[in-house]
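Below is one structure, written out as structure tokens, with a few remarks after it.
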Amino acid sequence: MTAEQLAKNGNSMAARLDTIETSIKSQLHGVQRIETGHWDELNRTHYNIQSTRIQQENNEKSRQACLVSNNEASVELNNLLRDMISGAEQVNDDVATANKVKRRMELDLSKFNDRISSLDAWLLNMDKWTKFVLDQTGNRREMFNLETSILTLQETIMSAAGSVGYKPMLLTIPEAGGGNDWLYTPFT
Numbered sequence: 001m002t003a004e005q006l007a008k009n010g011n012s013m014a015a016r017l018d019t020i021e022t023s024i025k026s027q028l029h030g031v032q033r034i035e036t037g038h039w040d041e042l043n044r045t046h047y048n049i050q051s052t053r054i055q056q057e058n059n060e061k062s063r064q065a066c067l068v069s070n071n072e073a074s075v076e077l078n079n080l081l082r083d084m085i086s087g088a089e090q091v092n093d094d095v096a097t098a099n100k101v102k103r104r105m106e107l108d109l110s111k112f113n114d115r116i117s118s119l120d121a122w123l124l125n126m127d128k129w130t131k132f133v134l135d136q137t138g139n140r141r142e143m144f145n146l147e148t149s150i151l152t153l154q155e156t157i158m159s160a161a162g163s164v165g166y167k168p169m170l171l172t173i174p175e176a177g178g179g180n181d182w183l184y185t186p187f188t
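Here the sequence shown is numbered in UniProt numbering, starting from 1 and rising by one per residue.
Structure, rendered in structure tokens:
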């Protein structure tokens, strides 16, 4: 081989080497772009994973705070319900007590009315009996003795009325020695 052919072959090889080098550089550049893209994608994925993890942690914290708040609200609601039930029981007790007091007052009123009716009937009988005695008595001394007995009887009546819780407003009898205007008033 001659020098000329060697030079030609060398130039041809150099040209082919240049072409191969250019091709390798181009492929390397493509690989670098792909690698850069993969790293960018990997970084984006990592960032998204981190963001998602942080969001999940924040969501869990919010959920825990909601659970605590709900538990506190449940406790408050239970306390309120317990207070309402206790208040209702107290109202029921008060109503029962009021009903007992009402029944007792009705019984007392019934007894009071019975006593008033009894005293009115007794006073009416005494008034009739006194008029009868006055009509039948002509002697002043007998009248004085009768009036003394009536005064004693009046004190007994007032004492009896006081023992049942009532007192007379007014009970008048004539002066000793005569008169026929005997006035009695109801007990109060």
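Cβ coordinates follow ideal geometry from the N, Cα and C atoms, glycine included. Since the structure is predicted, the reported quantities are computational estimates derived from the model, not experimental observations.
- Counting only runs of at least 4 residues, the segment 84–154 fully encloses no alpha helix (DSSP H) element at all.
- Rounded to the nearest whole angstrom, the C-alpha separation of Gln56 and Glu76 is 30 Å.
- Note that the C-beta distance between Val164 and Arg115 is below 7 Å.
- For Thr2, the secondary structure class from DSSP, reduced to helix, strand or coil, is coil.
- DSSP, reduced to helix, strand and coil, places Val31 within a helical segment of the structure shown.
- Under the three-state reduction of DSSP, Val68 is assigned to helix.
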